[in-house]
Amino acid sequence: MIEVKNLYKSFGSLQVLRGLSLNVEDGQVVSVIGPSGSGKSTLLRSINLLEQPTYGEIWLDGKLITPPDPYLHFDVIRASNTYKKLKAAGGKSDEELIADIKKNDLLKKHEGSEYAAMLKDITGKNFQSTNEVREKVGMVFQHFNLFPHMTVLDNMIYAPTTVKKIPKDQAIERAKQLLDSVGMLEKIDVYPGTLSGGQKQRVAIARALCMEPEAVLFDEPTSALDPEMVKEVLDVIKKLATTGITMVLVTHEMGFAREVSDRICFLDQGILIEDAPPEVFFSTPKSERARIFLDKVL
Amino acid sequence: MKLDFSVIVGYLPMFGNGLLVTLEVTFCSLFFALLLSIPLSLCKISNIKPLQAFATFYTSIFRGVPILVQVFMMYFGIPLVTGLRFTAFAAGTIVFAMNSAAYISESMRGGILAIDRGQYEAAMALGVHYPAMMKDIILPQAIKSVLPSLINEFIGLLKNTTLIASIGLVDILRVGQLIQGATYRAFEPFFVISLFYYVLVMCLSYLGKVLERRVNKSDRG
Ligand SMILES: Nc1ncnc2c1ncn2[C@@H]1O[C@H](COP(=O)(O)OP(=O)(O)O)[C@@H](O)[C@H]1O
Ligand SMILES: [Mg+2]
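Residue numbers (the working numbering), protein chains in the order written: chain S, 1 to 298; chain Y, 1001 to 1221.
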């Protein structure tokens, strides 16, 4: 359902993601773990288009959600002026030329009309707008980010009624069901400022679900919580994991990741180092770096 | 010279009318200032350079030119060049509103910038578009945080409206001058006027303090 292809992301000279590829199937629960600063949040934020990748593409339900990356399409590279020039100079095979161009990042912004037309064609056939993406993919943040000037109910129904234009009574009905399922129905009329961290996060999860997304991204949903509130939030996420919704979860709760995940992805310095079922990853990690990381956190 | 406040009594209805004019000018100016300050502050935080430049230039004009000069310009100067004539009330209100908008938009800009990135990101992640996000999520929080400074602007505006007497509108200050002319008494009328302003400003300051306390109490989500 979510397909990340060769994703690079830099902030200035800082390379945060360095060629990351990842497939998340429909209904899968994937936990992303790794040291702080390894690019986990940046990965999630890219999937939700809060960041623009530097290179690479992200596909959602078979549709492209980022601008096309010419380096991922050989025929596009072949259509570029740079390729044609190098080809005319002779001496190298097609494969060598493409490898050269990729390795040295030789493509410029403008590479002739044929090249531009091919990129446009890819976009035209496959592109999915930011809005569609945001409707399909919900996000839960470390710091909850509830709207403090709205009651819990208004937090829940604001986006469904204004973005999806769902009739208000219908949105309220759904909000009530969801609040009930996260155990927050009795707080429906209060402002977020009066809630505990755990309660805020449960409301934030319900708010994301109110948009009926196909996938939910969790960015360290329990990291900002006092220890005694972690469980109530994990319980909600666990329950959600059994509903068949697609989930990508960044977490430091190893026991929890092991319990709910179909796969564990271990990220270090912007590279996906391991991608394995939890029983395999936690018992026999392949890489030295994963072993060191697990030694520290377990 | 002996003080004699009894001469004032006969002029009390005039004082009332003057006060009404003062309050009318103040509230009208404040209303339009608020309306104007929202797009101005949005220009200031915008990524679009010409909009930013315009808003910055706008603010610098009203900071750089004394208000009395602006009032004279609007009432005497601009009509000669453009042929547009304003009543004293309109000229004053326009100048005060544009002036306050410059200052309010400055604090509004600060209020908007002080809002947590997470609020924007949560809104974006929910698919909320920029205009709705600003209108329903960012601005309400920003305005709430600038309410105390809005009260200060309101106080400044109230005092500045006395300048309108200089183009002949009969506000409360002008009433005082008229009484002075008729009775040759200055202390009494201006004392009464001072008292009006003082009490009004003290009440507003108190309101500002209360608001400030309430704003500070509100929690992040
Ligand atoms: N908007 C940004 N501007 C500059 N640097 C950033 C930005 N966002 C993240 N970074 C940097 O990118 C690196 C990876 O960040 P992040 O993806 O948040 O890591 P993680 O979530 O794994 O801890 C960090 O060094 C962080 O400081
Ligand atoms: Mg992070």
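Positions of the beta carbon are idealized from the N, C-alpha and C atoms, including for glycine. Remember, it's a predicted structure, so these values are computed and weren't measured experimentally.
(message) Closer than 8 angstroms between beta carbons: that is the criterion. Which residues of the stretch 151-163 of chain S meet it against chain Y?
(response) Asn-155, Tyr-158, Ala-159, Thr-162, Val-163
(message) Tell me whether the stretch 126-139 of chain S and the stretch 63-83 of chain S touch, counting them as touching only if at least three CB pairs, one residue from each stretch, are closer than 8 angstroms.
(response) yes
(message) Closer than 6 angstroms to a non-hydrogen atom of ligand 1 - does that hold for the CB of Gly-19(S)?
(response) no
(message) Beta-carbon distances below 5 angstroms to any heavy atom of ligand 1 define the shell here; list its residues in chain order, please.
(response) Phe-11(S), Val-16(S), Ser-36(S), Gly-37(S), Ser-38(S), Gly-39(S), Lys-40(S), Ser-41(S), Thr-42(S)
(message) Please state whether the Cβ-Cβ distance between Gly-27(S) and Gly-193(S) is less than 7 angstroms.
(response) no
(message) Counting only Cβ pairs nearer than 8 angstroms, list the residues of chain S close to Lys-1049(Y).
(response) What Lys-1049(Y) touches in chain S: nothing, since even the nearest Cβ is about 20 angstroms away.
(request) Starting from Gly-138(S), follow its DSSP beta bridges and name the residues at the other end. (result) Val-216(S)
(message) If contact is defined by three or more beta carbon pairs under 8 angstroms, each pair taking one atom from either stretch, is the stretch 1051-1060 of chain Y in contact with the stretch 1100-1108 of chain Y?
(response) yes
(request) From the DSSP output, in three-state form, read off Ser-36(S) for me. (result) coil
(request) Could you tell me whether the Cβ of Glu-212(S) comes closer than 7 angstroms to any Cβ of chain Y? (result) no
(message) Between Val-1071(Y), Ile-1038(Y), Leu-1023(Y), Phe-1005(Y), which has its C-alpha nearest Leu-1163(Y)'s C-alpha?
(response) Val-1071(Y)
(request) Below 8 angstroms on the Cβ atoms is my guess for Asp-61(S) versus Phe-141(S); work out the distance and round it to an integer in Å. (result) The pair is not a contact, with the Cβ atoms about 23 angstroms apart (cut-off 8 angstroms).
(request) Under the assumption that Tyr-8(S) contacts Thr-54(S) (Cβ atoms under 8 angstroms), give the Cβ distance between them as a whole number of angstroms. (result) 5 angstroms
(request) State the start and end residues of the unbroken alpha helix (DSSP H) segment that holds Met-1098(Y). (result) 1088-1113
(request) Using a Cβ cut-off of 9 angstroms, pull out every chain S residue sitting near Val-1128(Y), in sequence order please. (result) Arg-134, Tyr-158, Ala-159, Thr-162, Val-163
(request) Tell me whether Glu-288(S) is buried or exposed, calling it buried when 16 or more other Cβ atoms sit within 10 Å of its Cβ. (result) exposed
(message) When you compare the CB of Leu-50(S) with every CB in chain Y, is at least one pair closer than 7 angstroms?
(response) yes
(request) Please report how far the alpha carbon of Lys-238(S) lies from the alpha carbon of Met-1(S), in whole angstroms. (result) 20 angstroms
(message) Taking 7 angstroms as the threshold (beta carbon to beta carbon), is Phe-256(S) in contact with chain Y?
(response) no
(request) Give the residues from the stretch 1109-1129 of chain Y that approach chain S closer than 7 angstroms (Cβ to any Cβ), ordered along the chain. (result) Gly-1118, Gln-1119, Glu-1121, Ala-1122, Met-1124, Ala-1125, Leu-1126, Gly-1127, Val-1128
(request) Ignore the nearest five residues each way along the sequence and tell me which others in Ile-166(S)'s own chain have a CB closer than 6 angstroms to its CB. (result) Pro-160
(request) Run down chain S in chain order and give the residues with a C-beta less than 7 angstroms from the C-beta of Thr-1137(Y). (result) Note that residue 1137(Y) is Ile in the sequence shown here, rather than Thr. Chain S residues near Ile-1137(Y): Phe-147.
(message) I believe Ile-1137(Y) touches Phe-281(S) by the beta-carbon criterion, under 8 angstroms. Please report the beta-carbon distance rounded to the nearest angstrom.
(response) Contact doesn't hold; Cβ gap of about 40 angstroms is too wide.
(request) To the nearest angstrom, report how far apart Ser-1166(Y) and Gly-1018(Y) are at their CA atoms. (result) 14 angstroms
(message) Within the continuous alpha helix (DSSP H) that includes Arg-258(S), where are the two ends?
(response) 254-260
(request) Output the boundary residues of the beta strand (DSSP E) element that contains Asn-48(S). (result) Premise fails: Asn-48(S) is in no beta strand (DSSP E) and is neither H nor E.
(message) For Lys-87(S), which residues in the same chain have their Cβ closer than 7 angstroms to its Cβ, ignoring the five residues on either side in sequence?
(response) Leu-97
(request) Return helix, strand or coil for Ser-80(S), following the three-state DSSP convention. (result) coil
(request) Go ahead and label Val-76(S) buried or exposed: buried means 16 or more other beta carbons lie within 10 angstroms of its beta carbon, across all protein chains shown. (result) buried
(message) Less than 7 angstroms between the C-beta atoms of Asp-1171(Y) and Val-1021(Y), yes or no?
(response) yes
(message) Within 10 Å of its beta-carbon, does Ala-257(S) have 16 or more other beta-carbons around it, so buried, or fewer, so exposed?
(response) buried
(request) Answer yes or no: does any C-beta atom of chain Y fall closer than 7 angstroms to that of Met-303(S)? (result) Residue 303(S) lies beyond the residue range present for chain S, which begins at 1 and ends at 298; the question has no answer from this structure.
(request) Would you list the residues sitting across from Tyr-8(S) in a DSSP beta bridge? (result) Arg-18(S), Tyr-55(S)
(request) Evaluate the contact criterion for the stretch 1147-1159 of chain Y versus the stretch 1027-1045 of chain Y: three or more CB pairs, one atom per stretch, below 8 angstroms. (result) yes
(message) Using the three-state DSSP reduction, which class does Ala-204(S) fall into: helix, strand or coil?
(response) helix
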